[in-house]
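Visitor: Before I ask anything, here is the structure I am working with.
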Amino acid sequence: MKLFVTGGAGFIGSNFIRLMLNKHSDCSIINIDLLTYAGCLENLEDVSDNPRYSFIRADINDFDAMKESMKGVDAVINFAAESHVDRSIDDPSLFLKTNVFGTYTLLQAARENRIERFIQISTDEVYGSLGKEGLFSEKTPLAPNSPYSASKASADFLVRSYFKTYGFPSIITRCSNNYGPFQFPEKFIPLMITNAIEDRELPVYGDGLNIRDWIYVDDHCRAIETVLFKGKEGEVYNIGGNCEKRNIDIAKEIVARLGKSESLIKFVKDRPGHDRRYAMDSTYIKEKLGWEPKIKFEEGIELTIKWYKENKNWWQKIKSGEYREYYEKHYLNR
Ligand code: NAD
Ligand code: TYD
755 MKLFVTGGAG FIGSNFIRLM LNKHSDCSII NIDLLTYAGC LENLEDVSDN
805 PRYSFIRADI NDFDAMKESM KGVDAVINFA AESHVDRSID DPSLFLKTNV
855 FGTYTLLQAA RENRIERFIQ ISTDEVYGSL GKEGLFSEKT PLAPNSPYSA
905 SKASADFLVR SYFKTYGFPS IITRCSNNYG PFQFPEKFIP LMITNAIEDR
955 ELPVYGDGLN IRDWIYVDDH CRAIETVLFK GKEGEVYNIG GNCEKRNIDI
1005 AKEIVARLGK SESLIKFVKD RPGHDRRYAM DSTYIKEKLG WEPKIKFEEG
1055 IELTIKWYKE NKNWWQKIKS GEYREYYEKH YLNR
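By the count of my numbering, the sequence shown reaches residue 1088 at its end, each step adding exactly one.
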């Protein structure tokens, strides 16, 4: 099976590529990535010599490059995106370009190449925010609240329209918050871990009581693998970790596991439009395709902390590079 993976130099895409190459000896992968600030080929150093792996630096908005390099592949899996809510609040334009127009460009290139499977990697954030009760199901109406989630919801609607209008064989997966190795240290869990290791303050937005449903990245990658082989065209599959946690409790757990003081935790100005609670109902994918998460939070967070402790070079380079300016503007002046 020949896969066309976009955004494979990012967090989830690189974990997915590694899983597929290691697990399936008949699987070859073309990784298409623009290498934005979030893309890093080091994430795939261990597979870079694998003859079943190749990399092309390209923009998913480049129709000719997408159409040409997609020829002969069995499936397209679209991870490429601008993925950070805070950045989308600062400037939505790139989110619209990559997440909406880029998805359209891929859909069109894939349709013209008669690709037989297209998986759009989406997010629980398209459903908006929950109150104290309830879970997001695949039937929950979309109600995105940030420019990021609005761009992802727009892409989902386009994918749906290609299925309904052209009978194009697409599937959407919507996953909850991931954590694990190679996550860019602007996201909550790696930011908390790396700041705690360096004895810097841990910025917790608002009252810290916002809830996310956390899933270890390997569980998400296994779910995508399952959908690739067994998913049904035109369907949406929700993927959750069944693990609701308040941000403040995660920050406290991280400092405790690292043997640091809770005084490092600092409450800072809240994110505008900050969604209060996300929680996924993954019953459908469990019943239809037999997938469920395996890695408990206690195990996943320990593996993640260990990885960041052992891979300081990876994130210290990021934190001292061009990302520094963003970091200082965002966090140090709050
Ligand atoms: P990431 O920011 O770590 O990686 C995104 C990758 O896309 C980077 O390698 C970047 O270089 C690449 N990219 C960006 N613009 C591109 C373009 N125009 N052309 C080609 N490549 C481009 O993101 P991630 O956390 O790995 O998320 C991957 C996907 O999963 C995204 O679509 C995101 O919306 C979705 N998702 C993420 C989470 C999460 O918790 N991280 C949860 C659910 C869904
Ligand atoms: P994030 O990792 O940005 O994911 P998302 O907003 O897509 O869910 O944030 C996870 C939660 O952590 C969210 O409620 C916002 C909060 N948060 C902080 O409290 N401090 C931070 O520095 C960041 C980045 C996030």
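Just so you know, even glycine gets a beta-carbon here, dropped at the ideal spot from N, CA and C.
Which runs of the alpha helix (DSSP H) fall wholly inside the stretch 835-885 and span at least 4 residues, in chain order?
Guide: Correct list: 839-844, 857-866.
Visitor: Got a sec? Which residues, its chain only, sit under 8 Å from Leu798 by beta carbon, not counting five neighbours each side?
Guide: Correct list, in chain order: Gly762, Ala763, Ser768, Ile771, Arg772, Asn785, Tyr807, Phe809.
Visitor: Return yes when the C-beta of Gly994 is under 8 Å from any heavy atom of the ligand NAD, and no when it is not.
Guide: Every heavy atom of the ligand NAD is 8 Å or more from the Cβ of Gly994, so no.
Visitor: Touching or not, the stretch 907-924 and the stretch 874-893, by the rule of three or more beta carbon pairs under 8 Å?
Guide: They touch, by the three-pair rule.
Visitor: Could you tell me the distance, in whole angstroms, from the CA atom of Lys886 to the CA atom of Leu963?
Guide: Their Cα atoms are separated by approximately 11 Å.
Visitor: So the alpha helix (DSSP H) Trp968 belongs to, where does it begin and stop?
Guide: That residue, Trp968, is in no alpha helix (DSSP H); its beta strand (DSSP E) goes 965-970.
Visitor: Please classify Asn1065 as buried or exposed, where buried requires at least 16 neighbouring CB atoms within 10 angstroms.
Guide: So Asn1065 counts as exposed.
Visitor: Who does Met1034 pair with in a DSSP beta bridge?
Guide: According to DSSP, Met1034 bridges with Phe890.
Visitor: Taking the alpha-carbon positions, what's the Gly856 to Trp1061 distance?
Guide: Cα to Cα, the separation comes out at about 32 Å.
Visitor: Which residues in the same chain have their Cβ closer than 7 Å to the Cβ of Phe936, if we skip the five residues on either side of it in sequence?
Guide: Around Phe936: Phe765, Ser768, Asn769, Asn797.
Visitor: Under the three-state reduction of DSSP, which class applies to Thr927: helix, strand or coil?
Guide: In this structure, Thr927 counts as strand in the three-state DSSP scheme.
Visitor: According to the neighbour-count rule (16 or more other Cβ atoms, all chains shown, within 10 Å of its Cβ), is Asp818 buried or exposed?
Guide: Flag for Asp818 reads exposed.
Visitor: Quick check: what's the CA-CA separation for His974 versus Tyr933?
Guide: Near 10 Å, if we compare the C-alpha coordinates of Tyr933 and His974.
Visitor: Taking the C-alpha atoms as reference points, what is the distance between Gln1070 and Glu1082?
Guide: Each residue's Cα considered, the two are about 15 Å apart.
Visitor: In chain order, what residues of the same chain have a beta carbon less than 6 Å from the beta carbon of Glu987, not counting five sequence neighbours either side?
Guide: If we look at Glu987 and ignore the five residues flanking it on each side, its Cβ neighbours are Pro923.
Visitor: Using a Cβ-based criterion (distance less than 8 Å to any ligand heavy atom), does Lys941 qualify as near the ligand TYD?
Guide: Lys941: yes, Cβ under 8 Å from the ligand TYD.
Visitor: Is it true that the CB of Ser883 sits closer than 9 Å to the CB of Pro846?
Guide: Not closer than 9 Å, so no.
Visitor: Going by Cα to Cα distance, which pick from Val981, Glu998, Phe938, Asp780 is closest to Ser837?
Guide: For the residues Val981, Glu998, Phe938, Asp780, the minimum Cα distance to Ser837 belongs to Phe938.
Visitor: Measure the alpha-carbon distance for Asn992 versus Val971 and round it to whole angstroms.
Guide: Cα-Cα distance, rounded: 15 Å.
Visitor: For the ligand NAD, I want to know if Ala835 counts as a neighbour, meaning its beta carbon is within less than 8 Å of at least one of the ligand's heavy atoms.
Guide: Yes - the ligand NAD has a heavy atom lying nearer than 8 Å to the Cβ of Ala835.
Visitor: Quick one: measure Cβ to Cβ for Ile947 and Ile1019, integer angstroms, because I've assumed they're closer than 8 Å.
Guide: That belief does not hold up - the Cβ atoms of Ile947 and Ile1019 are roughly 13 Å apart, past 8 Å.
Visitor: With the cut-off set at 9 Å, would you say Ile869 and Pro1026 are in Cβ contact?
Guide: No, the Cβ-Cβ distance between Ile869 and Pro1026 is not below 9 Å.
Visitor: Which class does Asn949 belong to by DSSP, given the choice of helix, strand or coil?
Guide: Correct three-state label for Asn949: helix.
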